[in-house]
Amino acid sequence: MPEHEQSFTKYILYVNRQENVTNTFQEIGVPLPFINVLNSRGIIIPSPIQFATIKDSMDGKDLCGRAPTGSGKTIAFGIPIITKIPKARPKKPTGLILAPTRELAEQISVELKDLAFTGNRTILTVYGGVSIKKQINRLNKGVDILVACPGRLNDLLRQKVLDLNQVSFVVVDEADRMADMGFLPEVKKIIHQTMKDRQTILFSATLDGAVASLTKEFQKNPIRHEIGISTPDMEKMEHYFWKVNRDDRIVIAINLIMEAGKTIIFTRTRHGAERAAKQLKKEGIDAVALHGGKTQNQRDRALAAFTSGKAFALVATDVAARGIHVDGIDCVLHFDPPEDSKAYVHRSGRTARAGAKGKVVCFVDKAQHKFINVLQRDLKFKIPLTEPIEINNISSDKIIKNEQAYKDNPKIKDSNGIEQPKKKIRTRNRNQNDNTKIASNIFTKSKKGKIRKKKSLAQPRSQQNSFVKGKLKISRKKRISLSRKK
Numbered sequence: 002m003p004e005h006e007q008s009f010t011k012y013i014l015y016v017n018r019q020e021n022v023t024n025t026f027q028e029i030g031v032p033l034p035f036i037n038v039l040n041s042r043g044i045i046i047p048s049p050i051q052f053a054t055i056k057d058s059m060d061g062k063d064l065c066g067r068a069p070t071g072s073g074k075t076i077a078f079g080i081p082i083i084t085k086i087p088k089a090r091p092k093k094p095t096g097l098i099l100a101p102t103r104e105l106a107e108q109i110s111v112e113l114k115d116l117a118f119t120g121n122r123t124i125l126t127v128y129g130g131v132s133i134k135k136q137i138n139r140l141n142k143g144v145d146i147l148v149a150c151p152g153r154l155n156d157l158l159r160q161k162v163l164d165l166n167q168v169s170f171v172v173v174d175e176a177d178r179m180a181d182m183g184f185l186p187e188v189k190k191i192i193h194q195t196m197k198d199r200q201t202i203l204f205s206a207t208l209d210g211a212v213a214s215l216t217k218e219f220q221k222n223p224i225r226h227e228i229g230i231s232t233p234d235m236e237k238m239e240h241y242f243w244k245v246n247r248d249d250r251i252v253i254a255i256n257l258i259m260e261a262g263k264t265i266i267f268t269r270t271r272h273g274a275e276r277a278a279k280q281l282k283k284e285g286i287d288a289v290a291l292h293g294g295k296t297q298n299q300r301d302r303a304l305a306a307f308t309s310g311k312a313f314a315l316v317a318t319d320v321a322a323r324g325i326h327v328d329g330i331d332c333v334l335h336f337d338p339p340e341d342s343k344a345y346v347h348r349s350g351r352t353a354r355a356g357a358k359g360k361v362v363c364f365v366d367k368a369q370h371k372f373i374n375v376l377q378r379d380l381k382f383k384i385p386l387t388e389p390i391e392i393n394n395i396s397s398d399k400i401i402k403n404e405q406a407y408k409d410n411p412k413i414k415d416s417n418g419i420e421q422p423k424k425k426i427r428t429r430n431r432n433q434n435d436n437t438k439i440a441s442n443i444f445t446k447s448k449k450g451k452i453r454k455k456k457s458l459a460q461p462r463s464q465q466n467s468f469v470k471g472k473l474k475i476s477r478k479k480r481i482s483l484s485r486k487k
């Protein structure tokens, strides 16, 4: 089934059954050239959020909308902004779309590219992690619609290579994530620099709290549209909370990935994501890391590898994974527990999409039991903490509960019974850095018996400046004086 048909099926699941799905784009005022572009993609009928919002937007009204991820919001605000804004002069765009992440900004630009071409409008995407000079050069030539992340956009404004005083149409996409990531002060600063009589459209998964304050400050009598459920359906997922020691997490994760299938693994830190991905690779699992420390090219390659199936696991931080929408995720693994119930829901929502089922596993260390109890209370869960189990119930003899069981097996098998080679786990020699070995690695004796430093040194300087005789450390200065006496 084509992607747009899968998405539309999802809309129908969320919307009242009495919704008239025979409405067309022509009925809501979409110009014929744009309808032809949509039809060429196989999009014939507007989704509920498109049908609800496009007409109001085309009429010049402010609106705030709530709809599930993948519901067609980009087209819902894209067609009105392309249609309504005038052509821009150099450095003075007339349309602005704000997105919380680089990935989402890129997705918006790609989806609107052919529509913008049809409407004789140009689009530029600006975000950090790539050359700012190229972006400045494009702005100098003139860009009609700017799709931007707040951080890089403010950098351009500070350098005075961009002026927003001609922006007559502003879109804030995923405003709730903007708030979660701490971008709202920057967003407000940006919007204040646009035209006072602009049209403002806001989309968010929630329309309360900080998002409500944004609406109150920048929108004029906004029309509110809410389509579908506001959060992922937790009941469509199988949830597991496993007691796992920190040292055993990689081993258990390997077994889980082979049983469950395509998996997104969430860690709290960039370093944790990078380390987990490297450990999985070392043990024969194709894994890629995605975090804020990566360059844009590295992020693009990682995401492409995971989307295409070349990589079986994506290890990501919460912030980096926002704006990433990949279908066919079999399992979500909370390698590190989420910060709160909201983060748990957002992470877990990567699976069980478009009516499919998914599995969610959370690793719990001994020190985290109390926190998990609070988390489950907030989620209204009553799921017991258990030892790692076979989530597909393939066979009891394949259960790997700890690292020792893994080490005892020369090979491990995947869910299809195919043997996978297991690489040897390197272990450090705890005695390799004792004082005697450090000294022998740093110094050598000449033919005359004099002690001198070796030319190539692998040790840190803190260890290079001391000589060890037995258990006594002798400073470099004192060692030289002793050698002279001899």
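Residue 2 is where the sequence shown starts when you use my numbering, and the numbers rise one by one after that. Here a beta-carbon is modelled for each residue, glycine too, at the ideal position from N, C-alpha and C. Fair warning: this is a prediction, and the values are worked out from it, not measured in the lab.
Assigned exposure category for residue i - 16 Cβ within 10 Å defines buried
i, result
"residue 200", "buried"
"residue 79", "buried"
"residue 384", "exposed"
"residue 33", "exposed"
"residue 370", "exposed"
"residue 76", "buried"
"residue 74", "buried"
"residue 248", "exposed"
"residue 1", "Outside the shown range of the chain (2 to 487) lies residue 1, about which nothing can therefore be said."
"residue 340", "exposed"
"residue 44", "buried"
"residue 118", "exposed"
"residue 96", "buried"
"residue 60", "exposed"
"residue 25", "exposed"
"residue 290", "buried"
"residue 227", "exposed"
"residue 41", "exposed"
Alpha-carbon spacing of residue i relative to residue j, whole angstroms
i, j, result
"residue 207", "residue 67", "6 Å"
"residue 37", "residue 166", "33 Å"
"residue 394", "residue 272", "Reliability fails at residue 394, whose pLDDT of 45 lies under 50, so the model's placement of it is uncertain and no value is given."
"residue 48", "residue 115", "19 Å"
"residue 157", "residue 388", "52 Å"
"residue 198", "residue 171", "11 Å"
"residue 293", "residue 269", "12 Å"
"residue 412", "residue 123", "Legend: pLDDT at residue 412 = 42, less than 50; position of this residue unreliable, value from coordinates given subsequently. Looking at the two C-alpha atoms, the distance is approximately 55 Å."
"residue 202", "residue 218", "13 Å"
"residue 381", "residue 354", "21 Å"
"residue 373", "residue 365", "8 Å"
"residue 94", "residue 121", "14 Å"
"residue 351", "residue 333", "7 Å"
"residue 85", "residue 57", "12 Å"
"residue 430", "residue 133", "Legend: pLDDT at residue 430 = 41, less than 50; position of this residue unreliable, value from coordinates given subsequently. Their Cα atoms are separated by approximately 47 Å."
"residue 183", "residue 154", "15 Å"
"residue 318", "residue 27", "42 Å"
"residue 220", "residue 145", "22 Å"
"residue 284", "residue 367", "25 Å"
"residue 140", "residue 363", "46 Å"
"residue 338", "residue 55", "40 Å"
"residue 128", "residue 30", "33 Å"
"residue 328", "residue 50", "21 Å"
"residue 235", "residue 174", "24 Å"
"residue 309", "residue 239", "25 Å"
"residue 188", "residue 260", "43 Å"
"residue 342", "residue 377", "8 Å"
"residue 312", "residue 264", "10 Å"
"residue 215", "residue 72", "23 Å"
"residue 81", "residue 298", "31 Å"
Delimiting residues of the alpha helix (DSSP H) encompassing residue i
i, result
"residue 268", "First-last for residue 268: 264-268, but that is the beta strand (DSSP E), not the alpha helix (DSSP H)."
"residue 118", "103-119"
"residue 152", "151-159"
"residue 378", "370-380"
"residue 360", "Per DSSP, residue 360 belongs to no alpha helix (DSSP H); it is in the beta strand (DSSP E), 359-365."
"residue 126", "Segment 124-127 is the beta strand (DSSP E) holding residue 126; no alpha helix (DSSP H) there."
"residue 38", "33-41"
"residue 48", "No alpha helix (DSSP H) holds residue 48; DSSP gives it neither H nor E."
"residue 81", "74-85"
Whole-Å CB distance - residue i paired with residue j, under 8 Å assumed
i, j, result
"residue 336", "residue 390", "About 17 Å separates the two Cβ atoms, so there is no contact after all."
"residue 148", "residue 100", "7 Å"
"residue 245", "residue 253", "5 Å"
"residue 143", "residue 90", "6 Å"
Any chain B beta carbon closer than 8 Å to residue i
i, result
"residue 342", "Of the protein chains in the structure, only one exists, and it is not chain B."
Limits of the beta strand (DSSP E) - the one that residue i falls within
i, result
"residue 185", "From DSSP, residue 185 is part of no beta strand (DSSP E) but of the alpha helix (DSSP H) over 185-192."
"residue 99", "96-99"
"residue 66", "64-67"
"residue 170", "170-173"
Runs of 4 residues minimum, wholly inside the region 273-343: which ones carry the alpha helix (DSSP H) assignment? 297-309, 319-322
Can you list the alpha helix (DSSP H) stretches of 4 or more residues lying completely in the region 205-267, in chain order? 211-219, 250-261
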